[in-house]
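Working notes, structure below.
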Amino acid sequence: MRNPLSKTVIDIQPSGIRKFFDIVSEMKDAISLGVGEPDFDTPWHIREEGIYSLEKGRTIYTSNAGLKDLKIEICNYLQRRFQLEYNYNKEVIVTVGGSEAIDIALRAMLEPGDEVLIPQPCYVSYHPCTLLAGGIPVVIELKGENEFKLTKEQLLEAITDKTKVLILAFPNNPTGAIMDYNDLKSIVNVIIEKDIIVISDEIYSELTYGSKHISIASFPGMRERTIVINGFSKSYAMTGWRLGYAVGPEIIIEQMIKIHQFAIMCAPSNSQYAGVEALKNGDPDVEMMRDAYDQRRRFLIHALRGMGLECFEPYGAFYVFPCIKSLGMTSEEFATQLLKEEKVAVVPGTAFGDCGEGYLRISYAYSIDNLKIALERIEKFVEKCRK
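For the sequence shown, counting from 1, position 250 maps to 257 in my numbering; every step adds exactly one.
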């Protein structure tokens, strides 16, 4: 019998995040700080809209690109929050989470051999999705001394005549790094001059602390070359609803809809109705959750630094990325031993790229009570490592 499997798929490694999640799910009294999932319930008024849609029998397919009302609210939201203007009828697609939007954006744009610039550490799907679309991932290693921001010099060094796409993901998972106006401005001219298309993953755009998120699509000359990815999972605690979206130039969105049409058909209809309610009336919920995350963020940073672990201050998302190089262990060793000895799950930095070696991703999308217990166990483990 011939080999039924694709070599490309075989060569892709499973997610390093799920490995630790699967172990901790079967371990009694373990605390997981590994999964980026809000511990808040979806706000009641959003859940009620989803329930109401079911009660009304709104369970049929929507249009491939999504409900008209939802697309209109997405455009209203982006204009209100980030001064981005899009045509709901031609420049918006509703997807099954932000991850599908990333996948179909790459598939819509890449020819075999096109290079995709991927600043790392980063979300785990960018590299495999590039491979599955026939592209060549080109890693740019972000540096702790630059607060894990992409610099103009790093970008120029990575560009070749085969470069087509740059994936920009700020606020960043796993580091919590952001790029402010000046940071983005420094790379915009390079992107335009080199005729690069940007996929800007802004799923954590509402979770910034101390400053307002700025989209690279808002810069002159960037709207026409940027696909903005966003969704409902992080901002509205709607991970299981699987609802995301992409906005961008009609010429690209049209082809993304075609792929979505054949592979998915449409996002879940009840999730879309709930999404309309989230965007219309969910701003106070987002503010409440952001304030809670900010409190946890400051608590976690203070505690980690108190243990003697170097930890730059993240201003976005809900992760910290402490450095453990002083302990003489690899990220994998630290995470594995911590889980085994103290029953606390964190994610080794290498799950997000080789340049994550020496770091850990710790999520603070958990209650203060759980964070306190986990930090006591981590401190105990760190002290043992230093003896």
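All residues carry an ideal CB built from backbone N, CA and C; glycine is no exception.
C-alpha distance - residue i paired with residue j, whole-angstrom precision
{"i": "residue 199", "j": "residue 105", "result": "25 Å"}
{"i": "residue 15", "j": "residue 354", "result": "25 Å"}
{"i": "residue 60", "j": "residue 122", "result": "43 Å"}
{"i": "residue 103", "j": "residue 275", "result": "8 Å"}
{"i": "residue 264", "j": "residue 393", "result": "54 Å"}
{"i": "residue 243", "j": "residue 51", "result": "11 Å"}
{"i": "residue 191", "j": "residue 70", "result": "35 Å"}
{"i": "residue 364", "j": "residue 339", "result": "8 Å"}
{"i": "residue 45", "j": "residue 279", "result": "20 Å"}
{"i": "residue 47", "j": "residue 120", "result": "42 Å"}
{"i": "residue 107", "j": "residue 251", "result": "8 Å"}
{"i": "residue 301", "j": "residue 311", "result": "15 Å"}
{"i": "residue 341", "j": "residue 29", "result": "17 Å"}
{"i": "residue 258", "j": "residue 313", "result": "52 Å"}
{"i": "residue 271", "j": "residue 356", "result": "32 Å"}
{"i": "residue 337", "j": "residue 361", "result": "11 Å"}
{"i": "residue 343", "j": "residue 23", "result": "12 Å"}
{"i": "residue 140", "j": "residue 110", "result": "8 Å"}
{"i": "residue 188", "j": "residue 153", "result": "16 Å"}
{"i": "residue 167", "j": "residue 260", "result": "26 Å"}
{"i": "residue 218", "j": "residue 156", "result": "16 Å"}
Reduced DSSP category for residue i - H, G, I as helix; E, B as strand; rest coil
{"i": "residue 383", "result": "helix"}
{"i": "residue 60", "result": "helix"}
{"i": "residue 173", "result": "strand"}
{"i": "residue 38", "result": "strand"}
{"i": "residue 357", "result": "helix"}
{"i": "residue 102", "result": "strand"}
{"i": "residue 369", "result": "strand"}
{"i": "residue 330", "result": "strand"}
{"i": "residue 364", "result": "coil"}
{"i": "residue 251", "result": "strand"}
{"i": "residue 118", "result": "coil"}
{"i": "residue 270", "result": "helix"}
{"i": "residue 323", "result": "strand"}
{"i": "residue 92", "result": "coil"}
{"i": "residue 33", "result": "coil"}
{"i": "residue 317", "result": "strand"}
{"i": "residue 184", "result": "coil"}
{"i": "residue 352", "result": "strand"}
{"i": "residue 84", "result": "helix"}
Nearest-angstrom beta carbon gap, residue j and residue i [assumed within contact, 8 Å]
{"i": "residue 86", "j": "residue 225", "result": "Their Cβ separation, rounded to whole angstroms, is 11 Å, which puts residue 86 and residue 225 out of contact at 8 Å."}
{"i": "residue 65", "j": "residue 277", "result": "7 Å"}
{"i": "residue 282", "j": "residue 124", "result": "Actually they are not in contact, since the Cβ atoms of residue 282 and residue 124 sit about 31 Å apart, beyond 8 Å."}
{"i": "residue 80", "j": "residue 286", "result": "4 Å"}
{"i": "residue 369", "j": "residue 40", "result": "5 Å"}
{"i": "residue 359", "j": "residue 136", "result": "The Cβ separation is near 14 Å, so there is no contact."}
{"i": "residue 214", "j": "residue 88", "result": "That pair is no contact at about 13 Å."}
{"i": "residue 331", "j": "residue 367", "result": "6 Å"}
{"i": "residue 409", "j": "residue 350", "result": "Residue 409 cannot be examined here, being either before or after the span of the chain that is shown, 8 to 394."}
{"i": "residue 375", "j": "residue 319", "result": "Going by Cβ atoms, the distance from residue 375 to residue 319 rounds to 22 Å, so no, they are not a contact pair."}
Pair within 8 Å by beta-carbon distance, residue i and residue j
{"i": "residue 321", "j": "residue 304", "result": "yes"}
{"i": "residue 176", "j": "residue 208", "result": "yes"}
{"i": "residue 197", "j": "residue 229", "result": "no"}
{"i": "residue 182", "j": "residue 326", "result": "yes"}
{"i": "residue 161", "j": "residue 146", "result": "no"}
{"i": "residue 171", "j": "residue 116", "result": "yes"}
{"i": "residue 334", "j": "residue 254", "result": "no"}
{"i": "residue 232", "j": "residue 206", "result": "no"}
{"i": "residue 185", "j": "residue 323", "result": "yes"}
{"i": "residue 371", "j": "residue 378", "result": "yes"}
{"i": "residue 237", "j": "residue 43", "result": "no"}
{"i": "residue 19", "j": "residue 138", "result": "yes"}
{"i": "residue 211", "j": "residue 169", "result": "no"}
Residue-chain proximity (residue i, chain B), Cβ-Cβ < 8 Å
{"i": "residue 72", "result": "Protein chain content of the structure displayed is limited to a single chain, and chain B is not contained in it."}
Check your understanding: In the segment 189-248, which residue ranges form an unbroken beta strand (DSSP E) of at least 3 residues, counting only runs that do not cross its ends?
Key -> For the segment 189-248, whole beta strand (DSSP E) runs of length 3 or above, ordered along the chain, are 204-208 and 233-238.
Check your understanding: Which ranges would you report for the alpha helix (DSSP H) in the segment 122-157 if only whole runs of at least 4 residues count?
Key -> 133-139
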